[in-house]
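Read top to bottom, the protein sequences are chains G and U. Quick note: the first sequence uses numbering that gives the first Met the number 0, first residue 0, plus one each step. Quick note: the second sequence uses numbering that gives the first Met the number 0, first residue 0, plus one each step. Data block below; observations after.
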Amino acid sequence: MNQKFKLITSIGLAAGLAFSASAKVDPDLPNYEPVSGVSGNLNSIGSDTLNNMMTLWAEGFQAIYPNVNIQIEGKGSSTAPPALIEGTSQLGPMSRAMKSKEVDAFEKEFGYKPTQVGVAIDALAVFLNKDNPTESLTLEQVDSMFSSTFKRGGTPIARWGQLGVTGSLADRPISLYGRNSASGTYGFFKKVALEGGDFSPRVKEQPGSSAVVQGVASDISGAGYSGIGYKTSGVKAVQLNEVEPTAENCINGDYPLARTLYVYVNKEPNQDLDKLTYEFLRYVLSKQGQEVVAKDGYYPLPAPVSAQILKSIQ
Amino acid sequence: MSTKEIRPKGENFVWFTGMGLALGLLMVFALLAVIFVNGITVFWPKEIVEVRLKEGSDAEIQGAEAFAGYISIDRHVNDIRPGKVEQKRELQFFVGNKDVYGFMYKFVDYDQIESMGPTPGIIELERLEYGDAIGYPVSLTLKDGTKISVGDENFEKEFEEFFKAAQDRRKEIRHLEKKVIGRINHKMTQLQVKKRTLERKHGDEAAQAMSSYIKYDDEIAELQVDYDKLAAEAKALRQEQHDIQFTYRLATGQEQSLPMGELTGYYYPDRLGFFGKITFFVSHLWDFVSENPREANTEGGIFPAIFGTFVMTLLMSIAVMPFGVLAAIYLREYAKQGAFVRAIRIAINNLAGVPSIVYGVFGLGFFVYVLGGTIDDLFFSSRLPTPTFGTGGILWAALTLALMTVPVVVVATEEALSAVPRGMREASLACGASKWQTIQRIVIPAAAPGMLTGLVLAMARGAGEVAPLMLVGVVKLAPALPIDGIFPYVHLERKFMHLGFHIYDLGFQSPDSEAAKPMVFATTLLLIVLVVLLNLSAIIIRNKLKKRYKVGAF
């Protein structure tokens, strides 16, 4: 678990905030009050998990500032650092924290580290077909299904019968769906669920999170992982270590595959961010911005965390 | 006589070729039919049913045993429950009301359903956010708190009037925000850039003392006053959009209310006659091609994508034609035909076989980073670090595709040039024309139809290409069009939306893949229509040219 997330966890606990399962937006979040003189172009290049949320934020932001242009590209978290370094984008949405290699490359170019802004909480869910009777998996079972290295110490699981499924599904091989390696979801799942091990070659790599869900929805023996926001009527998200992927469980740290979603920006220390970028991030961290998070199926930040993050970019 | 003797030798192979053609046509038509049927039915109104579940069913929505929606999938699947061998029938319903339920689609096993019945008086509401809502109308609450309930005889008339007023207000808001405020914002940005240019040139303090700098500041302050006034106006209008609330009851029992300003359309599904359905179909089709996308592209229309594809293809044609034609003329007419020219020709043919993504990588490295970066350093340095040309844009995309399609044009033009009869050239030369005059007046006009064939092929390939575009300027959302009413009118540096990429995005990266699926088919259909239209217009021009030069071609 990364540092920022621990922070969220501790503050979330300290504030003693109660969250319902349906991801309610914290009423204490500040309303976004428009300021004048905001216009120009914003470019965003990065995560595909955050792609839709960025689009929705852009739509909301443009309703407030009619003449702001926001252009969004989302092909995977790994595309964010090079774009920030090349200066082709001001916003680098990433579904994982930057690797030290990426931070170094950035520092080499500018002499300071990129600024990390947590914008939402995501539960990485393991999806099964809606007709699959399995309700809960342990992380060890997940590792045994998806990896080829079995770092959690399990033995290979290739058929549904090995997970206690009876009936005609028991003999069927588990059909695995995952993301391609440019994706932050891929990296996070590999690091946390597989403990850094390698994926089994049987995992079918998909070009987008939505493709993973569609694959599982149309394949009765399918299993796949992607952000909880992509859930459709054809799949179900199972419990991991008997914990439901709810907002509450993510914030208090019980759900093992919870993560923070970030937007990275290029901010010189002791200097203000340019007005447009700052106002956009302020919007994202406001009540309106976090309502968008809930609408897209992810979990909004608690108010104290949002306030602290906002302070860090002022 | 036996049949063997009647049939000439090789007759079987004629049938064989016929079969090949039939098979090809069958596949093409099947594919087109699938896209057409799926794409066109998106806009046809659906019949909404009220579903009652059997007691104790686990398919209930928030505890209610009834819900309303239309059937989106009806299929048989393998039943994997222990002890079952036959297939089971399952239905997928579109239930809408995502704000309440948290989902829009729901699978229900057929054996869980008690009954499916009609829904008299139900209304489907098309909203700005959260997709459609389905419910029974209850009442309208006006600003002063008076209620008009559904029992009142003029309820529907009032409802329609309020709806129309809200629509007009939305148009006004859009005009105010996009056009009027947009222009002010643009002017302010220009002034800011001018200020920064001065700061860079003379240093912060010296610049601030300059008279022109102070003048810019004054102008900005003036614009700011205008902006504040207009922004307040727009805000007041937005506020008015929430004055009237419409209350409706869901089939699952909850009562919900919606501000009239959030409504983009509504209809009573059980009351639509045949003509009502036609009107519904036409208006929704029109909305789809003429509106901006909403809700991360799963709602609204695809106008920016159509426009982006069109402009990009046009720019590409403008770039590819001169280069391709000039290269071909030199190769065919002037170059000394030998091993070297043959090698070049082979190289060009091979270029046509290079994977398109390689062109994308080249475009990113050369056009965007090298050319674009240099342009930014030279002309737009006051805007840095925000890149202007140093990031993907419609110009770079068009040039990359032009590079990719140049071989097609070169090959087609060369063929056309070589087909011009030798007699025509000789006659021209014999009349005393120089070689260039002959080429210009005789050869090129005669070869023009063939060159245009090359352009048609290039456009078809260019408009359908997606992979290289993803690297050089296509984006998921770019609401500002590459051509608009703000000086300099054509904005070649802007990123753009493209139908092909839109299909990829909806299909693989959409947040709600079920809601996006119908949009994928509709968008595919439109892309095909657009390519056909572009090709048709080129073919029509070509045929006109052919007729014109037929007389001259002896």
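Don't be surprised by glycine CBs; every beta carbon is placed ideally from N, CA and C.
Delimiting residues of the alpha helix (DSSP H) encompassing U/Phe280: 273-289
Complete runs of the beta strand (DSSP E) confined to the stretch 234-299 of chain G [at least 3 residues]: 234-236, 257-264
Straight-line Cα distance separating G/Ser46 from G/Lys203: Going from the Cα of G/Lys203 to the Cα of G/Ser46 covers about 20 angstroms.
Distance, U/Gly422 Cα to U/Cys430 Cα: 12 angstroms
Cross-strand partners of G/Ile69 (DSSP beta bridge): Answer is G/Leu41, bridged to G/Ile69.
Spatially closest choice to G/Ala236 from G/Asn128, G/Pro268, G/Gly153, by CA coordinates: G/Asn128
G/Gly75 at chain U interface by Cβ criterion, 7 angstroms: no
Nearest-angstrom Cα separation, counted from G/Gln287 out to G/Gly117: 16 angstroms
Cutoff 7 angstroms: U/Phe379 Cβ touching any chain G Cβ: By the rule that beta-carbons nearer than 7 angstroms mark a contact, U/Phe379 does not touch chain G.
First and last residue of the uninterrupted alpha helix (DSSP H) at U/Tyr215: 210-239
Contact set between U/Ala295 and chain G, taken where Cβ atoms lie within less than 7 angstroms: Asn51, Thr54, Leu55
Straight-line gap, U/Glu123 to U/Gly264 (C-alpha atoms, nearest Å): The straight-line gap from Cα to Cα measures roughly 8 angstroms.
CB contact below 7 angstroms: U/Leu476 versus chain G: yes
Bounding residues of the alpha helix (DSSP H) (the contiguous stretch that carries U/Asn11): 10-39
Own chain residues within Cβ distance below 7 angstroms of U/Gln253, not counting five before or after: Val99
Nearest-angstrom beta carbon gap, U/Glu125 and G/Thr231 [assumed within contact, 8 angstroms]: Their Cβ separation, rounded to whole angstroms, is 21 angstroms, which puts G/Thr231 and U/Glu125 out of contact at 8 angstroms.
Backbone CA spacing between U/Gln191 and U/Met209 [nearest angstrom]: 15 angstroms
Helix, strand or coil at G/Ala20 according to DSSP, with G and I counted as helix: Interpretation of G/Ala20 is limited by its pLDDT of 36, a score under 50 that renders its predicted location unreliable; the figure taken from the coordinates is listed afterwards. Coil, per DSSP.
Euclidean distance between Cα positions of U/Gly299 and U/Phe287: 6 angstroms
Contact list for the stretch 179-208 of chain U against chain G, Cβ threshold 7 angstroms: Ile180, Gly181, Asn184, His185, Met187, Thr188
Nearest residue (CA-CA) to U/Val33, options U/Pro258, U/Glu290, U/Gly120, U/Ala521: U/Ala521
Chain U contact for G/Leu260 (CB, 7 angstroms cutoff): no
Residue environment, U/Pro510, which counts as buried when at least 16 other CB atoms sit within 10 Å: buried
Sequence-distant residues of the same chain with beta carbon closer than 6 angstroms to U/Leu257, five excluded per side: Phe245
Buried or exposed (CB count within 10 angstroms, at least 16 for buried), G/Gly86: G/Gly86 counts as buried, since at least 16 other C-beta atoms from the protein chains shown sit within 10 angstroms of its C-beta.
Cβ-Cβ distance between G/Ile173 and G/Ala222 below 7 angstroms: The criterion of a C-beta distance shorter than 7 angstroms is satisfied by G/Ile173 and G/Ala222.
Cβ of G/Ala20 within 7 angstroms of any chain U Cβ: Unreliable placement is indicated for G/Ala20, whose pLDDT of 36 sits below 50; no coordinate value is reported for it.
Contacts around U/Val471, its chain only, beta-carbon distance under 7 angstroms, and the 5 residues preceding and following it disregarded: Gly359, Gly362, Leu363, Phe366, Val367, Gly391, Trp395, Ala396, Thr399
Member of U/Asp78, U/Leu428, U/Gln91 whose CA lies at the smallest distance from the CA of U/Ile112: U/Gln91
Residue range of the alpha helix (DSSP H) that includes U/Val471: 468-471 is the span of the alpha helix (DSSP H), which, as asked, contains U/Val471.
Which of helix, strand or coil DSSP assigns to G/Leu309: Reduced to three states, the DSSP call for G/Leu309 is helix.
Residue interval of the alpha helix (DSSP H) (run including U/Val319): 302-328
Enclosing alpha helix (DSSP H) for U/His497 [first to last residue]: It is not in any alpha helix (DSSP H) - U/His497 carries neither H nor E in the DSSP assignment.
Inter-residue CB distance, U/His501 and U/Met311 (contact presumed, cutoff 8 angstroms): So it is not a contact: roughly 13 angstroms between Cβ atoms.
Rounded C-alpha distance that separates U/Leu402 from U/Leu529: 22 angstroms
Contact with chain G by U/Lys105, beta-carbon distance below 7 angstroms: Yes - at least one Cβ of chain G is within 7 angstroms of the one on U/Lys105.
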